[in-house]
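Scroll down for the structure; my scribbles are underneath it.
Structure below.
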């Protein structure tokens, strides 16, 4: 059956065309096409809600997926199977190696069939600001992976999500809490506060511990300070920036690690200090 989702999805692709979505009885998106096109991309699911087949009628491609539990372990394009190799995260997809940061974001790739890609930049709701995310690149801060042929939409747990407008396309199974008014919006994402909350399952908002936020802020500040000190030291020598990029990268890395540790400790220690002060009063 077809229906207009509430709210309607925005068009994330560059041309900002309107898209039509088709749903099945289980509220899974089974088709996406441009409003002015006769064909698009269709999806098939198994009984567990896992997508097992994608048919892209525009690019004339068919992709089939194999799972172990809920983990994608291989995909088939034509007669070629592309294996997925995992460590703590997806380390290799076919012949392409993938590298991740501490927050679980894909930051670099290399391989014989694909040159290195710049790290994309996202806003707080996960919308792409600059760069180009790789297929299956995990956005660690928001807990979902990018996939081809979705019109900019992403599958977050049991629901589809549009990062451009910060809204889910299916209703929340939970009715919400009258004492938390923002939860009564069945399509809202993380109570409109994705900086302090996340919802990787699409069913349960998780409030991030304060120490995680402090660690992230400390890491960012540490990187800036590390680069600044390195640049000042380099320029002070002869009025030029002569040191190799590797020196700057090392300084930034040391700053990130140091800042994350100190920020995390500050986030843990701040409540303890506050409690101690209250007791002493």
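Residue numbers (the working numbering): 2 to 282. Heads up, the beta-carbon is just placed ideally off N, CA and C, and yes, glycines get one too. Nothing here was measured: the structure is a model prediction, and the numbers come from that model.
Going by beta carbon distance, what residues of the same chain come within less than 8 angstroms of residue i, once the five residues before and after it are set aside?
i	result
residue 179	185
residue 239	none
How far does the beta strand (DSSP E) with residue i in it reach, from first residue to last?
i	result
residue 57	52-57
residue 156	155-157
residue 67	62-69
residue 161	160-163
residue 30	30-35
residue 23	20-24
residue 77	72-78
residue 179	No beta strand (DSSP E) contains residue 179, which DSSP labels as neither H nor E.
residue 44	42-46
residue 129	129-131
Round the Cβ separation of residue i and residue j to the nearest angstrom and send it over; I've been treating them as touching at under 8 angstroms.
i	j	result
residue 157	residue 201	7 angstroms
residue 169	residue 203	7 angstroms
How many Å lie between residue i and residue j at the Cα?
i	j	result
residue 132	residue 162	20 angstroms
residue 155	residue 73	16 angstroms
residue 60	residue 192	37 angstroms
residue 64	residue 75	10 angstroms
residue 175	residue 189	12 angstroms
residue 98	residue 111	5 angstroms
residue 21	residue 32	8 angstroms
residue 80	residue 173	39 angstroms
residue 45	residue 52	6 angstroms
residue 57	residue 40	9 angstroms
residue 194	residue 67	35 angstroms
residue 153	residue 70	26 angstroms
residue 159	residue 50	8 angstroms
residue 171	residue 85	29 angstroms
residue 42	residue 54	10 angstroms
residue 199	residue 27	24 angstroms
residue 151	residue 62	14 angstroms
residue 177	residue 232	51 angstroms
residue 167	residue 38	26 angstroms
residue 147	residue 181	31 angstroms
Leaving aside the five residues before and after residue i along the sequence, list all residues of the same chain whose C-beta is less than 6 angstroms from its C-beta, in chain order.
i	result
residue 333	In this structure the chain extends from 2 to 282, so residue 333 is not present and cannot be described.
residue 241	none
residue 77	65
residue 48	none
residue 164	126, 127 and 128
residue 196	125
residue 187	172 and 173
residue 29	46
Got a sec? Which residues, its chain only, sit under 7 angstroms from residue i by beta carbon, not counting five neighbours each side?
i	result
residue 130	122, 123 and 124
residue 25	31
residue 183	189, 192 and 193
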